[in-house]
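Residue numbers 62 to 184, in the numbering used here, belong to the letters of the sequence shown in order.
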Amino acid sequence: MTSIVNIVLQGVLLGALYALFAMGQSLVFGVMRLTNTAHGDFIVLLVFVLFALTNWAHVPLWIAIPVLVVIAFGAGYAVQFAVLNRVSGRDPLPSLVVTFGLSIVIQNAVLTVRPQGFFPKTA
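So, in structure tokens, the structure goes:
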């Protein structure tokens, strides 16, 4: 019985997380008319940074989360200022292409740092 409750609870929480990500994507497109395909990759990158801070640098979670918020704000502002302001306009296609390229760069950066992912494969 507890496993069914656990499965349902995890499903509801995962659905809420997907809804939160979708609301962020919808808000960005609705306000700025900007199609950001790197939205999910930024989230994965920030989770990877949180993983690195807590497991490799042994930073307590209550310190790592505010640091992560500052990093997220800085990275978002830098990308907006350096890349997205140059392609924003009436047509959403240039922003789609640029953020898709940024998505590929983020994915390859994470794979370069940690090719086996978060958990190493056991033999």
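Heads up, the beta-carbon is just placed ideally off N, CA and C, and yes, glycines get one too. All of these numbers come straight from a predicted model, not from anything done at the bench.
Do the CB positions of A136 and F103 come within less than 9 Å of each other?
yes
Just the C-alpha distance for L157 and M62, rounded to the nearest angstrom, thanks.
46 Å
Taking V148 and V159 to be in contact with their CB atoms under 8 Å, please state how far apart those CB atoms are, rounded to whole angstroms.
5 Å
CA-CA distance, P153 and M93?
Those two C-alpha atoms are separated by around 10 Å.
Closer than 7 Å by C-beta to G85: which residues in its own chain qualify, once you throw out the five before and the five after it? Chain order, please.
H100
Of the residues L75, N67 and F90, the one placed nearest L145, counting alpha carbons only
F90
Determine the contact status of V110 and L88, defining contact as a CB-CB distance below 9 Å.
no
Grab me the residues of T115's own chain with a C-beta within less than 7 Å of its C-beta, minus the 5 sequence neighbours each way, in chain order.
If you ignore the 5 residues before and after T115, its C-beta comes within less than 7 Å of the C-beta of L122 and A125, all in its own chain and listed in chain order.
Sequence-distant residues of its chain with Cβ nearer than 7 Å to L106 (five each side left out)
Once the five neighbours on either side are set aside, the close Cβ partners of L106 are I167 and V171.
Scan the region 143–170 and note each continuous beta strand (DSSP E) run of 3 residues or more that stays entirely inside, going in chain order.
none
Which residues in the same chain as T98 place their Cβ atom closer than 7 Å to its Cβ, once the five residues preceding and following it in sequence are excluded?
L157, T160, F161 and S164
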